[in-house]
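Undergrad:
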Amino acid sequence: MKGLCCLFLSMLMAPAIQAYEPKWNSLKQDGLHDPEGPGIDTLQEPSEALSVLPPDTTGNQVNWMKALDEGIINPRTNFRPETKVRLRDTDVLFKETGEMPVVRFPHLPHTQWLDCRNCHEKLFVSKVGANPVTMFKILQGEYCGRCHGAVAFPLTECNRCHSVPRSRLGE
Amino acid sequence: MRIGLSGWIMGGVLLSCAAVPALAEYGDVVLNRRAEAEGMPPVIFPHWFHRIRFRCKVCHSELGFEMRAGANDVTMVEIIEGKFCGLCHNNEIAWGPENCELCHSGRPGLEPGIRGGNATAGPGRW
Numbered sequence: 329m330k331g332l333c334c335l336f337l338s339m340l341m342a343p344a345i346q347a348y349e350p351k352w353n354s355l356k357q358d359g360l361h362d363p364e365g366p367g368i369d370t371l372q373e374p375s376e377a378l379s380v381l382p383p384d385t386t387g388n389q390v391n392w393m394k395a396l397d398e399g400i401i402n403p404r405t406n407f408r409p410e411t412k413v414r415l416r417d418t419d420v421l422f423k424e425t426g427e428m429p430v431v432r433f434p435h436l437p438h439t440q441w442l443d444c445r446n447c448h449e450k451l452f453v454s455k456v457g458a459n460p461v462t463m464f465k466i467l468q469g470e471y472c473g474r475c476h477g478a479v480a481f482p483l484t485e486c487n488r489c490h491s492v493p494r495s496r497l498g499e
Numbered sequence: 146m147r148i149g150l151s152g153w154i155m156g157g158v159l160l161s162c163a164a165v166p167a168l169a170e171y172g173d174v175v176l177n178r179r180a181e182a183e184g185m186p187p188v189i190f191p192h193w194f195h196r197i198r199f200r201c202k203v204c205h206s207e208l209g210f211e212m213r214a215g216a217n218d219v220t221m222v223e224i225i226e227g228k229f230c231g232l233c234h235n236n237e238i239a240w241g242p243e244n245c246e247l248c249h250s251g252r253p254g255l256e257p258g259i260r261g262g263n264a265t266a267g268p269g270r271w
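As given, the protein sequences belong to chains A and B, one line each in that order. Using this note's numbering, read the first sequence as starting at 329 and increasing by one per residue. Using this note's numbering, read the second sequence as starting at 146 and increasing by one per residue.
#1: Does DSSP put residue 500 of chain A in a helix, in a strand, or in coil?
#2: Could you check how far apart the C-beta atoms of residue 251 of chain B and residue 358 of chain A are, in whole angstroms? I think they sit under 8 Å.
#3: Determine, for residue 530 of chain A, whether the minimum Cβ-Cβ distance to residues of chain B falls below 7 Å.
#4: Measuring only the C-alpha atoms, how far is residue 405 of chain A from residue 171 of chain B?
#5: Would you kindly report the start and end of the unbroken alpha helix (DSSP H) that includes residue 222 of chain B?
#6: Should residue 374 of chain A be flagged as near chain B, meaning a C-beta pair shorter than 7 Å?
#7: Can you give, in chain order, each stretch of the alpha helix (DSSP H) that sits fully within the segment 164-231 of chain B and has at least 4 residues?
#8: Between the alpha carbons of residue 256 of chain B and residue 218 of chain B, how many angstroms are there, rounded?
#9: Who are the near neighbours of residue 402 of chain A in its chain, counting only those whose CB is closer than 6 Å to its CB and skipping five residues on each side?
#10: Can you tell me which of the three DSSP states residue 383 of chain A falls into?
#11: According to DSSP, residue 492 of chain A sits in a beta bridge with which residue or residues?
#12: Taking only beta carbons into account, state which residues of the segment 176-188 of chain B come closer than 9 Å to chain A, listed in chain order.
#13: Relative to the C-alpha of residue 393 of chain A, which residue among B:177, B:260, B:196 and B:238 is closest?
#14: Give a yes or no on whether the minimum CB-CB distance between residue 497 of chain A and chain B is below 7 Å.
#15: Can you find the residues in the same chain that come closer than 8 Å, C-beta to C-beta, to residue 245 of chain B, ignoring five residues on each side of it along the sequence?
#16: If you reduce the DSSP assignment to three classes, tell me which class residue 360 of chain A lands in.
#17: Please work out which residues of its chain come closer than 8 Å, Cβ to Cβ, to residue 214 of chain B, disregarding the five sequence neighbours upstream and downstream, and give them in chain order.
#18: From residue 429 of chain A to residue 486 of chain A, what distance separates their C-alpha atoms?
#19: Could you tell me the alpha carbon to alpha carbon distance between residue 232 of chain B and residue 254 of chain B, rounded to whole angstroms?
#20: Rounding to the nearest angstrom, what Cα-Cα distance links residue 354 of chain A and residue 247 of chain B in this structure?
#21: Would you mind sorting residue 389 of chain A into buried or exposed? The rule is 16 or more other CB atoms within 10 Å of its CB.
#22: Run through chain A and tell me which residues come within less than 7 Å of residue 192 of chain B, C-beta to C-beta.
#23: What is the DSSP secondary structure of residue 400 of chain A, counted as helix, strand or coil?
#24: Count the other CB atoms, across all protein chains shown, that sit within 10 Å of the CB of residue 200 of chain B; report buried if there are 16 or more and exposed otherwise.
#25: Taking the runs of the alpha helix (DSSP H) that are 4 residues or longer, which of them lie wholly in the segment 436-494 of chain A?
#26: Could you confirm whether any beta carbon from chain A is found closer than 7 Å to the beta carbon of residue 219 of chain B?
#27: Could you tell me the boundaries of the beta strand (DSSP E) in which residue 255 of chain B lies?
#28: May I ask you to verify whether the segment 487-499 of chain A touches the segment 427-441 of chain A, counting CB pairs closer than 8 Å and requiring at least 3?
#29: Shorter than 7 Å from the beta carbon of residue 411 of chain A to some beta carbon of chain B?
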C-alpha cells in the first residue's frame with residue numbers, strides 16, 4: 329500500500345520536477361513593494377542576485393548551504409573584530425519521531441550561519457533529550473520553526489531533517 | 146499505511162497554507178508598527194539580500210535583533226544613533242538613513258510580519 333502510494337505520488341510529481349525552473353517575482357509585483365515608490369528602481373531585484381546561486385526548489389529557490397560551501401558567497405562572519413566566530417561539528421539525533429526516519433541535526437552548517445547563543449539556551453537547552461520538540465510546535469514557529477519555514481528551508485522538506493532510516497541505527 | 150491523527154492534522158495545516166498565493170520573496174519582513182502611524186510607508190526588509198553579505202549571526206547575535214518578527218521595536222532615532230540597522234546603514238557600509246525611500250518602500254496598509262514566497266506559504270512543489 330505504502331509502495332503504491334509512493335509510486336502514484338512520484339508519477340504525479342515527476343513532470344513538475346522535470347519542468348522546475350526557478351523564477352523570482354520582480355519587486356514591483358511582489359505584493360509588498362509600492363510599484364510607484366520613488367526608490368523602487370534603485371533596489372536590487374531578487375532575480376539578479378539569486379539566479380547566479382546554486383538552485384533549490386523551495387524557499388528563495390537557492391541552496392544557501394551549497395552557495396556557502398562552494399565559496400560562491402562569502403558573507404561576513406562578524407562585525408566587530410573581537411567577536412569570536414564559533415563553529416561546532418557534532419550531530420544530534422532526535423530518535424522519537426514516530427514512524428518517520430530519525431532526525432539528524434548537524435551543528436556545523438547551523439553554526440556556519442548562527443552563533444551558539446542564537447539557539448542556546450533560549451530555544452534549545454544544551455542537553456540531549458531535554459528539549460520537548462514536536463512538529464506542532466515547529467509548525468507554530470517554535471524550536472526549529474523559528475527559522476525553518478521562515479528563512480531556512482521550509483517544513484515541506486521532511487526528508488532533509490528526517491534523514492536517518494531506523495534500519496541504519498540497528499534498532 | 147497508518148497516517149494517524151497527527152498526520153491528517155499536519156496535512157491539513159500544509160494544505161490550508163497552500164491556498165494562500167505567495168508572491169513576496171521568502172523571508173521578507175514588513176516593518177509597520179510605527180512607520181505609517183508616523184507618516185512613512187512601511188519598511189520591507191529582504192533577508193535574501195542581507196544573507197548574501199552577512200551571516201545570520203552578525204545581525205541576530207552581534208547587533209541584537211531577536212529572531213522573531215515583532216520582537217524588535219526599532220526606532221529611527223536608534224538607527225541614526227548607529228544601533229540596529231544603523232550599524233551598517235551609515236553611508237560607510239550601506240546607504241545612510243537619509244535615503245528614506247530605499248527602506249520605506251512598502252505599499253500602504255501592509256500588516257507587519259514575516260512573509261514568504263514559493264514554498265513558505267505551502268508546498269509549492271506538491
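Just so you know, even glycine gets a beta-carbon here, dropped at the ideal spot from N, CA and C.
TA: Well, looking at it:
#1: Any property of residue 500 of chain A remains undetermined from this structure, which presents chain A solely from 329 to 499.
#2: Looking up residue 251 of chain B in the second sequence gives position 106. Looking up residue 358 of chain A in the first sequence gives position 30. The Cβ separation is near 10 Å, so there is no contact.
#3: Here chain A covers residues 329 to 499 and nothing more, so residue 530 of chain A does not appear.
#4: As a working note, residue 405 of chain A is residue 77 in the first sequence. As a working note, residue 171 of chain B is residue 26 in the second sequence. Cα to Cα, residue 405 of chain A sits roughly 22 Å from residue 171 of chain B.
#5: Locating residue 222 of chain B in the second sequence gives position 77, counting from the first residue. Where residue 222 of chain B is concerned, the enclosing alpha helix (DSSP H) stretches over 221-225.
#6: Taking the first residue of the first sequence as position 1, residue 374 of chain A is located at position 46. Yes - at least one Cβ of chain B is within 7 Å of the one on residue 374 of chain A.
#7: 192-198 and 221-225
#8: As a first step, residue 256 of chain B must be located in the second sequence, where it is residue number 111. As a first step, residue 218 of chain B must be located in the second sequence, where it is residue number 73. Distance between the alpha carbons of residue 256 of chain B and residue 218 of chain B: 15 Å.
#9: Walking along the first sequence from the start, residue 402 of chain A turns up at place 74. For residue 402 of chain A, where only same-chain residues beyond five positions count, there are no Cβ hits under 6 Å.
#10: Within the first sequence, residue 383 of chain A is the residue found at index 55, counting from 1. Strand at residue 383 of chain A.
#11: Position 164 of the first sequence, counting from 1, holds the residue named residue 492 of chain A. Looking at the DSSP assignment, residue 492 of chain A forms a beta bridge with A:430.
#12: 186 and 187
#13: Taking the first sequence and counting its residues from 1, the one referred to as residue 393 of chain A is at position 65. Among B:177, B:260, B:196 and B:238, the Cα nearest to that of residue 393 of chain A belongs to B:196.
#14: Along the first sequence, one-based indexing puts residue 497 of chain A at 169. Chain B, which has no Cβ nearer than 7 Å to the Cβ of residue 497 of chain A, makes this no.
#15: One-based indexing of the second sequence puts residue 245 of chain B at position 100. Correct list, in chain order: 185.
#16: In the first sequence, residue 360 of chain A corresponds to position 32, counting from 1. Here residue 360 of chain A sits in coil by DSSP.
#17: Within the second sequence, the letter at position 69 stands for residue 214 of chain B. Here the set comprises 174, 257, 258 and 259.
#18: Numbered from 1 along the first sequence, position 101 holds the residue referred to as residue 429 of chain A. Numbered from 1 along the first sequence, position 158 holds the residue referred to as residue 486 of chain A. Distance between the alpha carbons of residue 429 of chain A and residue 486 of chain A: 9 Å.
#19: Here residue 232 of chain B refers to the residue found at position 87 of the second sequence. Here residue 254 of chain B refers to the residue found at position 109 of the second sequence. About 28 Å.
#20: In the first sequence, counting from the first residue as 1, residue 354 of chain A sits at position 26. In the second sequence, counting from the first residue as 1, residue 247 of chain B sits at position 102. Their backbone Cα atoms lie some 16 Å apart in a straight line.
#21: Position 61 of the first sequence, counted from the first residue, corresponds to residue 389 of chain A. Buried, by the Cβ-count rule.
#22: Taking the second sequence and counting its residues from 1, one reaches residue 192 of chain B at position 47. Under the 7 Å cutoff, chain A gives 479.
#23: Translated into positions along the first sequence, residue 400 of chain A becomes position 72. Residue 400 of chain A: coil per DSSP, three-state reduction.
#24: Working through the second sequence from its first residue, we reach residue 200 of chain B at position 55. With 16 or more Cβ atoms within 10 Å of its Cβ, residue 200 of chain B is classed as buried.
#25: 444-447, 463-467 and 486-489
#26: As a working mapping, residue 219 of chain B is identified with position 74 in the second sequence. Judged by the 7 Å Cβ criterion, residue 219 of chain B is not in contact with chain A.
#27: Translated into the one-based positions of the second sequence, residue 255 of chain B becomes position 110. Looking at the DSSP string, residue 255 of chain B is not in any beta strand (DSSP E), and its letter there is neither H nor E.
#28: yes
#29: By one-based count along the first sequence, residue 411 of chain A stands at place 83. Closer than 7 Å to some Cβ of chain B, the Cβ of residue 411 of chain A qualifies, so yes.
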